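**Student:**
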Amino acid sequence: MSTPTPGAVAPLHIDFVSDVVCPWCAIGLHGLLIALERLGPTLGPVTLQLQPFQLNPQMGPEGEDIGEHLSRKYGLTPEQVAQNQAQIRARAATVGFDFRMDRRSRTWNTLDAHRLLHAAALQDEAVALRLKLGLLAAYFTHGENPAAPDVLRREATAAGLDAAETEAVLADTERHAEAVQQHLQFWQRAGIHSVPAIVINQRHLISGGQPPEVFEQALRQILEATDPA
C-alpha cells in the first residue's frame with residue numbers, strides 16, 4: 000500500500016449520463032466543464048466518462064417533428080414548447096452554448112451516435128468528449144441530425160477518432176451495439192430514468208442541467224468529505 004502524500008487531493012470519477020438530443024444535457028455538460036476548469040488547481044486526478052442514455056430508443060431513422068414529439072410524449076402545447084425553448088436558450092447562453100431553435104425541427108434516435116461515442120471512449124476519453132461536444136453543437140446549434148453518417152463522420156474526424164474505426168462503426172450497425180445496450184441497461188437498473196445524471200465517485204448524484212456554481216459547490220463538498228487515503 001502506498002503512503003498518501005500529505006495534502007493530496009482525492010481523485011474524482013465522474014460518470015455523465017446523457018443523450019445527444021437532450022438540451023439540458025448540453026447545458027449540464029458545459030456547466031460541469033466550466034466548474035472543473037474553475038476548480039482546476041484544487042483538483043486531484045479527474046476521470047470524466049460519458050455514459051449513454053436514449054430518450055427515443057423506439058424512434059425510427061426518419062425521426063419525428065419536435066413539436067409533435069413534445070406534444071405526444073409530454074402533452075405540451077405549442078405555447079409551452081416555445082416558452083420552454085426560450086428558457087433553454089437563455090440558460091445555454093450562460094454557459095457559452097448557442098441554441099438555435101430555428102435550425103432544428105426534428106428529434107432523432109441516437110443509437111448510432113452512442114455506438115460511435117463508445118468507440119471514441121475506447122480510444123481516449125478526451126476524444127469521446129470532443130466528439131460529444133461536436134455532436135451537441137451539430138444538433139442544437141446547426142440543426143443537423145446527430146445520427147446521420149455524414150455528420151458522425153465529420154465530427155469523428157474533427158475529434159480525432161481513428162478513421163478506420165469510424166468507418167467500421169458506420170458500416171456495421173452491430174459494432175459496439177451490445178456494449179452500448181449493456182451500459183444503457185446498467186444505468187436504468189441504477190435508477191437513472193432522466194438525464195442528465197451526473198454520478199460522482201459512484202455514489203453522489205447530481206441531476207439536471209445545473210449551472211456551474213452548483214457543480215462547483217457539490218464537487219468541493221465531495222472532495223472535503225473524501226479521504227484520499
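Numbered per numbering that gives the first Met the number 0, the sequence shown spans residues 0 to 228. We treat Cβ as the ideally placed atom computed from N, Cα and C, and that holds for glycine. Being a predicted model, the structure only gives us computed values, none of them experimental.
Can you give the Cα-Cα distance for Ala196 and Glu166, rounded to whole angstroms?
**Tutor:** Rounded to the nearest angstrom, the two C-alpha atoms are 30 Å apart.
**Student:** Going by C-alpha to C-alpha distance, which of Ser193, Leu134 and Thr93 sits closest to Glu154?
**Tutor:** Checking every option, the nearest Cα to that of Glu154 belongs to Leu134.
**Student:** May I have the straight-line CA-CA distance separating Val179 from Ala157, to the nearest angstrom?
**Tutor:** Roughly 22 Å between the two C-alpha positions.
**Student:** Ala196 lies in the beta strand (DSSP E); which residues open and close that run?
**Tutor:** Per DSSP, Ala196 belongs to the beta strand (DSSP E) from Ala196 to Ile199.
**Student:** Looking at the unbroken beta strand (DSSP E) that takes in Asp14, where does it start and where does it end?
**Tutor:** Asp14 -> beta strand (DSSP E) spans Leu11 to Ser17.
**Student:** Excluding five sequence neighbours on each side, which residues of the same chain lie with their C-beta closer than 7 Å to the C-beta of Glu215?
**Tutor:** Here the set comprises Ala34, Arg37 and Leu38.
**Student:** Give the single residue among Ala217, His68, Phe139 and Glu212 whose Cα lies nearest to the Cα of Trp23.
**Tutor:** Checked all of Ala217, His68, Phe139 and Glu212; the closest Cα to Trp23 is Phe139.
**Student:** Who are the near neighbours of Asp111 in its chain, counting only those whose CB is closer than 6 Å to its CB and skipping five residues on each side?
**Tutor:** Here the set comprises Ala146.
**Student:** Have a look at the DSSP bridge pairing and note the partners of Arg105.
**Tutor:** According to DSSP, Arg105 bridges with Asp64.
**Student:** Considering only the alpha carbon of each residue, which of Pro210, Leu183, Lys131 and Val20 lies closest to Gly30?
**Tutor:** Answer by Cα proximity: Pro210.
**Student:** So, are the CB atoms of Trp186 and Gln50 less than 8 Å apart?
**Tutor:** Contact: yes.
**Student:** Are Thr225 and Ala25 close, meaning C-beta to C-beta below 8 Å?
**Tutor:** Not closer than 8 Å, so no.
**Student:** What's the C-alpha gap between Leu130 and Gln79?
**Tutor:** Each residue's Cα considered, the two are about 31 Å apart.
**Student:** Going by beta-carbon coordinates alone, are Ala125 and Leu116 separated by less than 8 Å?
**Tutor:** Result no, Cβ atoms of Ala125 and Leu116 do not sit closer than 8 Å.
**Student:** By the three-class DSSP mapping on this structure, what secondary structure does Val8 have?
**Tutor:** Residue state, collapsed to three classes: coil.
**Student:** With H, G and I counted as helix, E and B as strand and the rest as coil, what does DSSP make of His203?
**Tutor:** DSSP places His203 in strand when its eight states are reduced to three.
**Student:** Quick one: is His101 buried, meaning 16 or more other Cβ sit within 10 Å of its Cβ, or exposed?
**Tutor:** Residue 101 is actually Asp in this sequence, not His. Exposed, by the Cβ-count rule.
**Student:** Quick one: using the 10 Å Cβ neighbour count with 16 as the cut-off for buried, is Arg188 buried or exposed?
**Tutor:** So Arg188 ends up on the exposed side.
**Student:** List the DSSP bridge partners of Gln50.
**Tutor:** Paired residues: Val16.
**Student:** Whose C-alpha, out of Leu222, Ala92, His175 and Thr106, is nearest the C-alpha of Ala120?
**Tutor:** Taking only the C-alpha atoms, the option nearest Ala120 is His175.
**Student:** Below 8 Å on the Cβ atoms is my guess for Leu160 versus Ala92; work out the distance and round it to an integer in Å.
**Tutor:** The pair is not a contact, with the Cβ atoms about 29 Å apart (cut-off 8 Å).
**Student:** Could you pull out every residue in the same chain whose Cβ sits closer than 7 Å to the Cβ of His68, ignoring the five residues on either side in sequence?
**Tutor:** The residues are Thr106.
**Student:** By Cβ distance, which residues of its chain are closer than 7 Å to Pro60, with the 5 residues on each side in sequence left out?
**Tutor:** Only Asn108 meet the Cβ criterion.
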